[in-house]
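Here the structure comes first, spelled out in structure tokens, and everything after it is commentary.
Protein chains: 2
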Amino acid sequence: MRIALDAMGGDFGPAVMVEGAVETVNESEDIDITLVGDEPSIKKELEGKRYPSGRLQIKHASQIVGMNEPALIALRKKKDSSIKRAVELVKDGEVDAVVTAGHSGVAMAVSLVLLRASKGVDRPAIATIMPTLRRPFVLLDAGANVDCTAENLLQFALMGDAYCKAMFGNPDPRIALLSIGEEDTKGNSMTREAFKLIKDAGVGFIGNIEGKDIFAGIADVVVCDGFVGNIVLKTSEGLADVIIKMLKREISNVATGRIGYLLMKPALRNFKKKTDYAEYGGAPLLGINGTCIISHGRSSAKAIRNAVKVAAEFSLKKVYEAIAEEIKTVTSVKSTRETTIREQA
Amino acid sequence: MRIALDAMGGDFGPAVMVEGAVETVNESEDIDITLVGDEPSIKKELEGKRYPSGRLQIKHASQIVGMNEPALIALRKKKDSSIKRAVELVKDGEVDAVVTAGHSGVAMAVSLVLLRASKGVDRPAIATIMPTLRRPFVLLDAGANVDCTAENLLQFALMGDAYCKAMFGNPDPRIALLSIGEEDTKGNSMTREAFKLIKDAGVGFIGNIEGKDIFAGIADVVVCDGFVGNIVLKTSEGLADVIIKMLKREISNVATGRIGYLLMKPALRNFKKKTDYAEYGGAPLLGINGTCIISHGRSSAKAIRNAVKVAAEFSLKKVYEAIAEEIKTVTSVKSTRETTIREQA
């Protein structure tokens, strides 16, 4: 198994990516890595590090896509970007999967152009894992598609269903639609329409879920458009940070608090571990013909190591093939049904 | 000052509403209350309670709108509902404001029909106060309008601006647009269009704000459509609950944690107080000709007491008049500008 790692992506540049790659090949015997990016910078970061040299290759790419560049312009103008070269390795069969902590919009656009969307998929989506009181759930789309239709949401539901089955071995994933009330009449015009489509899609649809309930662990997949998904994801990150900060401030205002805080530190550390995105590694792009894992821009070496493991598992379990299969089956059932209706008419 | 209180609204029925009303008239000399709803039920709840009787009146209404009824059907079929009768009292000038913990969609629809939207306002919005590390901010729309246009978002920005000025005496509110990136190119088609409109509206626009930054206290007003606003609000409530629960669980798993928890309890209590919606009381409906405060369905007597105070302050400070004035000014500037452009063409 060989994974291409975009060495130039992320907020901290090649240092963290190279560290993550070295840790991976030292730790996992069955994962080799190809670091894609500016060769001199990568070599400089590799200096003095110990690792089995044959298992860590470099593929040079002269350009970097910045986090704030418009995706379409980056795609058109930067023909030799690290993310593009990395995805090309997947396309050419030289690696099994790609991991990037770079611009998610560009990763999506490049993957779409080079690997293509699976048949029946109009829009690939980013599937992010979020922790809850019980087990984690998959939020999708977490930011790939800002303007969606009800049909897109239906496809996200199908992709999430197939993903949970193939990746986590969950035989009957509970699929929920993010909305502002439980009844099918609640929501905006897009979600009300999507409710009807998902209900008839043959997945384990548990109906609408409200924001207050997503962390209760009652759904395995929460479906929404990428604008809402990204806001939910970022709001949750921001709020968790703020709550911890506010608690610490209150604690330092109370005489006995400081001692209490010291005694609680192991508990706070466990809590942090359970809610740390680095533990989950990265979010796969669902609905393309290949394995592409997008990591948080602020990824640490540990987060990258976990993202590479997610990529290897996703590839090994043939998850994208399973998603393509589920979409194909539902689409063909639907078109058969439509043909029958037309014939009866 | 007299406030109408919808005695039948909220998850806990008249018991909590009557208790909140009694506490209010006992505590605040300048606020009288008219309880609107089923007279026998209200009288039963009042039995044995001490209060200055002249300051607490009852207005009978025979019907109740359930929390899950479609707003338009409730509006058409329940002519004698407590929320409708309460808003009528505002319309007829018998009270200065109305407070309800009932169905927010119905409260909005009834207010629109009876009190009318202010001139130039296409859609009234719910403005909710949310706590941050520094001072609270106003989130609007928090759920009144699920399908919006860029023009609606512009009006929310103007209403939020006028609200902060008139209600909180903030001379220069910082207005932000909720989106998925700071640059004006980030967002969905509606927010990208709204960005341009708000930038030219003459308010203190600080640009897009991401979910991760809303709790940092850098904006006074965060503008979004009601679907997104409701999801942000509910997700935050749900996450805060879950974080506290997860922390408690981690604490009980760690030997020293339990002692730590006891020592930290005052800090946790202060934290809870600062983030408790009951402290903020209720969310005003902005953009109608009158004062209507919508409280959380789970409101306690204390939350109702605070909501009544918010209603009194909103009415006293002539906030709805100030909002109408700001909308009128901007609208007339805009139409003058358009006329000039047409004349030049």
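If you read the protein sequences in the order shown, they are chains D and X.
Sequential numbering of the first sequence, starting at 3, is according to our numbering.
Sequential numbering of the second sequence, starting at 3, is according to our numbering.
Positions of the beta carbon are idealized from the N, C-alpha and C atoms, including for glycine.
- Judged by beta-carbon spacing, X/Val312 lies within the 7 Å limit of X/Gly284, meaning their Cβ atoms are closer than that value.
- In the structure shown, the three-state DSSP call for X/Thr293 is coil.
- X/Asn154 carries a helical assignment under DSSP once its states are collapsed to helix, strand and coil.
- Residues of the same chain with a CB within less than 6 Å of the CB of X/Ile60, apart from the 5 flanking positions on each side, are Leu37, Glu41 and Ile44 in chain order.
- The Cβ neighbour count for D/Ser55, taken over all protein chains shown within 10 Å, is under 16; the residue is labelled exposed.
- Neighbours of X/Pro72 in chain D, taken as residues at a C-beta separation under 7 Å, are given in chain order as Thr187.
- Boundaries of the beta strand (DSSP E) around X/Glu212: Gly206 to Glu212.
- In the DSSP assignment, the residues bridged to D/Thr130 are D/Leu141.
- Taking all protein chains in view, the Cβ of D/Lys214 is crowded by 16 or more other Cβ atoms within 10 Å, so the residue is classified as buried.
- Looking from the CA of X/Arg125, the closest CA among X/Lys201, X/Ala168 and X/Ala152 belongs to X/Ala152.
- A contact between stretches requires three or more CB pairs, one per stretch, nearer than 8 Å, and the region 193-203 of chain X fails this requirement with the region 236-247 of chain D.
- Within its own chain, the residues whose Cβ lies closer than 8 Å to the Cβ of X/Lys250, once the five positions on either side in sequence are excluded, are Tyr263, listed in chain order.
- Interface flag for X/Asn147 against chain D is unset, since no Cβ pair is found closer than 7 Å.
- Any Cβ of chain X closer than 7 Å to the Cβ of D/Glu96 would place that residue at the interface, and such an atom is absent.
- A straight-line Cα-Cα distance of about 17 Å links D/Lys275 and D/Ser297.
- Chain D has no Cβ within less than 7 Å of the Cβ of X/Ser120.
- For X/Ile245, at least one C-beta of chain D is nearer than 7 Å to its own C-beta.
- Neighbours of X/Lys236 in chain D, taken as residues whose beta carbon is under 9 Å from its own, are Ile182, Glu212, Gly213, Lys214, Asp215 and Ile216 in chain order.
- The Cβ neighbour count for D/Val24, taken over all protein chains shown within 10 Å, is at least 16; the residue is labelled buried.
- For D/Leu199, there is no enclosing beta strand (DSSP E); the residue is found in the alpha helix (DSSP H) stretching over Ser191 to Lys201.
- Contact residues of the region 126-148 of chain D toward chain X are Thr134, Leu135, Gly145 and Val148 (C-beta to C-beta distance below 8 Å).
- Annotation: the continuous alpha helix (DSSP H) that includes X/Asp243 extends over Gly228 to Asn255.
- In this structure, X/Ala109 sits away from X/Arg87, with a CB-CB distance that is not shorter than 7 Å.
- Per DSSP, X/Ser113 is one residue of the alpha helix (DSSP H) stretching across Ser106 to Leu117.
- Neighbours of D/Gly240 in chain X, taken as residues whose beta carbon is under 9 Å from its own, are Glu212, Gly213, Lys214, Asp215, Ile216, Phe217 and Ala218 in chain order.
- As DSSP reads the structure, D/Ile60 sits in a beta bridge with D/Leu37.
- For D/Met3, no chain X residue has a C-beta closer than 7 Å to its own C-beta; the minimum C-beta separation is roughly 33 Å.
- Within the model, the alpha-carbon separation for D/Phe229 versus X/Ile35 is close to 43 Å.
- At a cut-off of 7 Å, the C-beta of D/Asn154 has no neighbouring C-beta in chain X.
- D/Thr26: not part of any beta strand (DSSP E); member of the alpha helix (DSSP H) spanning Pro16 to Glu29, first to last residue.
- Residue contact with chain D for X/Asn190: present (Cβ-Cβ distance below 7 Å to some residue of chain D).
- According to the DSSP assignment, X/Ser83 belongs to no alpha helix (DSSP H), since it is labelled neither H nor E.
- Distance from the CA atom of D/Arg300 to the CA atom of D/Val223, rounded to whole angstroms, is 25 Å.
- When the alpha-carbon of X/Ala326 is set against those of X/Ile290, X/Val310, X/Thr102 and X/Ile295, the nearest one is in X/Ile290.
- Residue contact check for X/Phe14 against chain D: no CB pair falls below 7 Å.
- The beta carbon of X/Gly107 sits closer than 7 Å to the beta carbons of Ala73 from its chain, once the five residues preceding and following it are set aside; these are given in chain order.
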